[in-house]
Structure formats: C-alpha cells, structure tokens
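Q: Sending over a structure as structure tokens; questions will come in a sec.
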Amino acid sequence: MTEWINEYYFWIKWVHYLAFVSWMAGLFYLPRLFVYHAENKNNKGFVDVVKIQERRLYFGIQNPAMIVTVISGSLMLHAHKEVLMVGSGFMHAKLTCATLLIIFHIHNYFCLKALANDTSTKSGRYFRIYNEFPTLMFIIIALMMVIRPF
C-alpha cells in the first residue's frame, strides 16, 4: 500500500495542506458566527440567516475538510511511520493538537445544534473566548511543522 502513497506523496501532502487550510477557515469563522447568533437572539430575521450560514459552513466546508485532512494526514503517516519514533516530539505535539481540533470540531456541532434549536445558554462573550482555541492550536501546529523544536 505504501508504494502508491510514496509515489503520490507530494500530491497527498498538497491535498492535506489545502484541506487543513479550509478546515481551519471553518474553525475560525464558525465560532464568530456563534458570537453574532448569541448576541442577536432577539433579531429573528438576522438569526435565521446566521443559522443557515452556520449549517452550511459546518456541513459543507468544515466536515469535508476535516475528513480529507485526517485521511491525507493518515496516509502520510502510514508511508512515513518513522516520524512517530523517539526523537520526533514535534509530530506527537502536532498530532495532539490535531486531536484537540477534532474534539473542538465535534463540540462545534453541539453548539450549532443548541443554537439552531434556540436552547443555547452560552453568551457572545463565551463564544469570543471559545473562538481563540483554534488559533492557539494553529500556532502550535505551524511551529511544530516548520521549526520542529523537539
């Protein structure tokens, strides 16, 4: 199986980068929509539009991008298992952050459902703080993959 992965490794890596950037865009923007939604609950027309945007962003961009990111990343790891060996702490840190982003992504779904059903008790301030998490994970992932500090 690794023969074809190695043959197309840089194409897979390119797809991984594109999918990751798309996924991160969704992870950055969806919580911002949650802020607008939470702060404008009394404006039904506005909230109806935001609900559509939230749903389309999550199911149309975030989910497919996350799936492609995970699959392409898994293929690259399968082809180069040595990056998981001792002395590759940068990869373990990156994979930990990626796992935390997947958990954050899933949590976004529960926030989306609560807001869609008008049962969310979270404030705009909560979502403003919540919105910082993917930025922190992105910074750590970029640091690990470019600098490889350990």
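Mapped onto UniProt numbering, the consecutive letters of the sequence shown carry residue numbers 1 to 150. The beta carbon of each residue, even a glycine, is placed where N, CA and C say it ideally should be.
#1: Can you grab the Cα-Cα spacing for the pair Ala38 / Lys122, in whole Å?
#2: Just the C-alpha distance for Val47 and Met1, rounded to the nearest angstrom, thanks.
#3: Using alpha carbons as the reference points, say which of Asn63, Phe34, Arg128 lies closest to Val21.
#4: From Trp14 to Phe127, what distance separates their C-alpha atoms?
#5: Among Trp4, Phe133, Arg32, which residue has its Cα nearest to the Cα of residue 167?
#6: When the Cα of Leu77 is compared with those of Phe10, Leu27, Thr119, which residue comes out closest?
#7: Which runs of the alpha helix (DSSP H), 4 residues or longer, sit entirely within the segment 17-62?
#8: Since Thr69 and Trp23 are thought to touch, with beta carbons under 8 angstroms apart, how far apart are those beta carbons, to the nearest angstrom?
#9: Looking at C-beta atoms only, is the number of pairs between the segment 101-111 and the segment 128-140 that lie closer than 8 angstroms three or more?
#10: Could you spell out the range, first to last residue, of the alpha helix (DSSP H) harbouring residue 152?
#11: Return the Cβ separation of Leu100 and Met137 in integer angstroms, given the expectation that the two are a contact with Cβ distance under 8 angstroms.
#12: Could you have a look at His78 and say whether DSSP puts it in helix, strand or coil?
A: Taking the coordinates as given:
#1: Ala38 and Lys122 have their C-alpha atoms some 7 angstroms from each other.
#2: A direct Cα-Cα distance of roughly 48 angstroms separates Val47 from Met1.
#3: Looking at the Cα atoms, Asn63 is the closest of the given residues.
#4: Answer to the nearest angstrom: the Cα atoms are 32 angstroms apart.
#5: There is no way to answer for residue 167, as the model of the chain reaches only from 1 to 150.
#6: Per the Cα distances, Phe10.
#7: Counting only runs of 4 or more, we get 44-56.
#8: About 5 angstroms separates the two Cβ atoms, so the contact holds.
#9: Output reads yes: the segment 128-140 touches the segment 101-111.
#10: Not covered by the structure: residue 152. The range shown for the chain is 1 to 150.
#11: Right, the Cβ-Cβ distance comes to about 6 angstroms (below 8 angstroms), so this counts as a contact.
#12: DSSP places His78 in helix when its eight states are reduced to three.
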